[in-house]
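Number of protein chains: 2
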Amino acid sequence: MSSEPEFNQPQRKRLGADERREEIIRVTLELADKQGVDDVTTQDMAEAMGVTQGAVFRHFASKDAIWLAVMQWVRDRLMAVLGHAAAQGRDPLDALQRMFFAHIEFIAGHPAIPRVLTSRHLHGRNAMLRQLVTEIMLGYEAKIAGLLTDAQAQGLARADLDTHAAATLYIGMVQGLVLQSSILRGRRAIEKEAARTFPVYLQAIRQQPSQESPS
Amino acid sequence: MSSEPEFNQPQRKRLGADERREEIIRVTLELADKQGVDDVTTQDMAEAMGVTQGAVFRHFASKDAIWLAVMQWVRDRLMAVLGHAAAQGRDPLDALQRMFFAHIEFIAGHPAIPRVLTSRHLHGRNAMLRQLVTEIMLGYEAKIAGLLTDAQAQGLARADLDTHAAATLYIGMVQGLVLQSSILRGRRAIEKEAARTFPVYLQAIRQQPSQESPS
DNA sequence: ACCAAGATAGTGATTGATTACTACCTTAAT
DNA sequence: ATTAAGGTAGTAATCAATCACTATCTTGGT
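Taken in sequence, the protein lines are chains S and F. Using our numbering, the first residue of the first sequence is number 2, and each one after it goes up by one. Using our numbering, the first residue of the second sequence is number 2, and each one after it goes up by one.
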């Protein structure tokens, strides 16, 4: 998409502090996808924005502060996307499906996110980062398990389903798809793989149409 | 487990070249688990073995060569473990289950492996590393898909199962469990989570006992 | 059996490159 | 004119890699 640093706003420099902060977060995620989370230097960020490295530190006190801001941005955006998708569901399983594809689409647009969240280099050092990641993970799993429990109550999911384990499998499904698209770069389109994989997952969840067919 | 470098062989230094190479691979994986793949320095390796940093480069031409050796070690060991587990299976689904738990156990003993294989910092630069990882992934997926196809032929798995998608879900399941045990360090035992999650996966695979009961 | 000669493994110091971060100066926009 | 955003030019630390040298082991000729 771009071999040269940035030509989006050729002349325009001197952004407001808020806009510059947002752009730093944006290019950080972009670079993290291109070259790996731990190889993003403040110099890289500056070049990608067309400013000098020193300018970065006018807006963030430290590099860790940048990563913290990135994670907070991810948390806020992800939760908003998932919440919006789930709200449109007609029933718990429909909501689950919408969340899944919304999540895949979101990550397809920001492929570095899983790596940022799982980078030991980040949450291995800074306690605040670690807590933020844990919060996101547990919150997400609870949301899935909750939907599954609702589905059980409505007779849509197996009564004997281990909802916690099923939530683990759900998150693994997302993670596995991300992994594939990351390692087999471009060779497979994550959205198509996702569309094939979700029905398999549903088989594990859904109440089977048994002898008695209702309605 | 150890606050001081190493006391296994207190006086013994001067290992043979082969032994030293193996030890470098060993401590590299250990350190990658402790501090993250990209934060393992050659100095760290040397300290963990009780030698000086320069000694490391007598046995490997570069740091990339060390990671290549680590990945080859992982490939060889993993394939051996999986092959052995699968060979004991009485039928394809039994083999699948044995492979799953063997994989989980292997990774529980070497928690850094998934991170090594998925580190962009590694396979983003070196073409040989990237190819090795791709080879491992595709080979693994083909193995799973093959077992599932066999299971279909024997009437153990759904006839309409998308075996490729099911293999993706399988790998995701492993990945998700690793992710959880990595982020929620110690808070959950990966083996117990695995034992709960696999049955859910099986539900998606297994031929359902329909109206007609065979035998 | 001996031991000199070569081979091998490890040391310690250093290199150049890269890193996050800082102090001070300049300029554009209101 | 003020001031916030960006530029310039550093610093100290860390990194992989190199190199001259030393310690230890192995071996072949006598």
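From the three backbone atoms N, C-alpha and C, an ideal C-beta is built for every residue, glycine too.
Is residue 78 of chain F buried or exposed, if buried means 16 or more other CB atoms sit within 10 Å of its CB? Sixteen is the threshold: since fewer than 16 other Cβ atoms of the shown chains lie within 10 Å of the Cβ of residue 78 of chain F, the residue is exposed.
Got a sec? Which residues, its chain only, sit under 7 Å from residue 33 of chain S by beta carbon, not counting five neighbours each side? Excluding positions up to five away in sequence, the list reads 41, 113, 116, 117.
Proximity test, Cβ basis, 7 Å: residue 60 of chain F and chain S: Output row for residue 60 of chain F: interface = no.
With 16 other Cβ atoms within 10 Å as the buried cut-off, status of residue 39 of chain F: Result: buried.
Just how far apart, CA to CA, sit residue 175 of chain S and residue 192 of chain S? Cα to Cα, the separation comes out at about 11 Å.
Min CB distance residue 201 of chain S to chain F below 7 Å: At least one chain F Cβ lies under 7 Å of residue 201 of chain S.
Assuming residue 57 of chain F and residue 25 of chain F make a contact with CB atoms under 8 Å, what is their CB distance in whole Å? Between the beta-carbon of residue 57 of chain F and that of residue 25 of chain F there is about 6 Å, and that keeps the pair under the 8 Å contact cut.
Buried or exposed by the 16-neighbour rule on C-beta atoms within 10 Å, applied to residue 20 of chain S: The residue in question, residue 20 of chain S, is exposed, as its Cβ has fewer than 16 Cβ neighbours within 10 Å.
Can you check whether the C-beta of residue 20 of chain F is within less than 7 Å of a C-beta belonging to chain S? When Cβ-Cβ separations below 7 Å define contact, residue 20 of chain F makes no contact with chain S.
Under the assumption that residue 164 of chain F contacts residue 146 of chain F (Cβ atoms under 8 Å), give the Cβ distance between them as a whole number of angstroms. Sure, about 5 Å apart at Cβ, within 8 Å.
Quick one: is residue 161 of chain S buried, meaning 16 or more other Cβ sit within 10 Å of its Cβ, or exposed? By the 10 Å Cβ count, residue 161 of chain S comes out exposed.
For residue 221 of chain F, does the count of other Cβ atoms within 10 angstroms reach 16, so buried, or fall short, so exposed? Limits of chain F in this structure are 2 at one end and 216 at the other, which puts residue 221 of chain F out of reach.
Is it true that the segment 56-72 of chain F meets the segment 80-100 of chain F, where meeting means three or more beta-carbon pairs spaced less than 8 Å apart? No, the segment 56-72 of chain F is not in contact with the segment 80-100 of chain F.
Can you pull the chain S neighbours of residue 122 of chain F, defined as C-beta to C-beta under 7 Å? At a beta-carbon threshold of 7 Å, the residues of chain S lying near residue 122 of chain F are 37, 39, 40, ordered along the chain.
Going by beta carbon distance, what residues of the same chain come within less than 6 Å of residue 44 of chain F, once the five residues before and after it are set aside? 54, listed in sequence order.
Host alpha helix (DSSP H) of residue 60 of chain S (start-end): Residue range 54-60 is occupied by the alpha helix (DSSP H) that includes residue 60 of chain S.
May I have the straight-line CA-CA distance separating residue 178 of chain S from residue 194 of chain S, to the nearest angstrom? Cα to Cα, residue 178 of chain S sits roughly 7 Å from residue 194 of chain S.
Going along the chain, which residues of its own chain have a beta-carbon closer than 7 Å to the beta-carbon of residue 96 of chain S, five neighbours each way excluded? Within the same chain, residue 96 of chain S has close Cβ partners 87, 90, 148.
For residue 169 of chain S, the first and last residue of its enclosing alpha helix (DSSP H): Residues 164-184.
Assign residue 121 of chain F to buried or exposed, taking buried as 16 or more other Cβ atoms, counted over all protein chains shown, within 10 Å of its Cβ. With 16 or more other Cβ atoms inside 10 Å of its own Cβ, residue 121 of chain F counts as buried.
Quick check: residue 142 of chain S and residue 103 of chain S, are their CB atoms within less than 7 Å of each other? Pairing residue 142 of chain S with residue 103 of chain S gives a Cβ-Cβ distance that is not under 7 Å.
Using the beta-carbon count (16 or more within 10 Å), is residue 173 of chain F buried or exposed? Classification of residue 173 of chain F: buried, given that the 10 Å Cβ count is 16 or more.
Buried or exposed for residue 155 of chain F, going by 16 or more other Cβ atoms inside 10 Å? Flag for residue 155 of chain F reads exposed.
Any C-beta of chain S under 7 Å from that of residue 147 of chain F: Not one beta carbon of chain S lies nearer than 7 Å to the beta carbon of residue 147 of chain F.
Which residues, taken in chain order from the segment 158-177 of chain S, show a beta carbon closer than 9 Å to some beta carbon of chain F? Legend: CB atoms of the segment 158-177 of chain S lying less than 9 Å from CB atoms of chain F belong to residues 159, 162, 163, 165, 166, 167, 169, 170, 171, 172, 173, 174, 175, 176, 177.
Using a cut-off of 7 Å between C-beta atoms, extract the partners of residue 180 of chain F located in chain S. What residue 180 of chain F touches in chain S, judged by beta-carbon distance under 7 Å, is 119, 176, going in chain order.
Grab the span of the alpha helix (DSSP H) containing residue 201 of chain F for me, first residue to last. That run of the alpha helix (DSSP H) goes 191-206.
Pairwise C-alpha distance: residue 68 of chain S and residue 215 of chain F: Caution applies to residue 215 of chain F, whose pLDDT of 45 falls short of 50 and renders its modelled position unreliable; the value that the coordinates give is listed next. Each residue's alpha carbon lies about 58 Å from the other.
Would you list, in chain order, the members of the segment 123-134 of chain F that have their beta-carbon closer than 8 Å to a beta-carbon of chain S? Correct list: 124, 125, 134.
Limits of the unbroken alpha helix (DSSP H) element including residue 1 of chain F: Outside the modelled stretch of chain F, which goes from 2 to 216, sits residue 1 of chain F, for which no answer is possible.
Is there a C-beta anywhere in chain S that falls below 7 Å from the one on residue 138 of chain F? It does; some Cβ of chain S falls within 7 Å.
What three-state label does DSSP hand residue 158 of chain F in the structure shown? In this structure, residue 158 of chain F counts as strand in the three-state DSSP scheme.
Name the two residues that bound the continuous alpha helix (DSSP H) containing residue 73 of chain S. From DSSP, the alpha helix (DSSP H) with residue 73 of chain S extends over 64-88.
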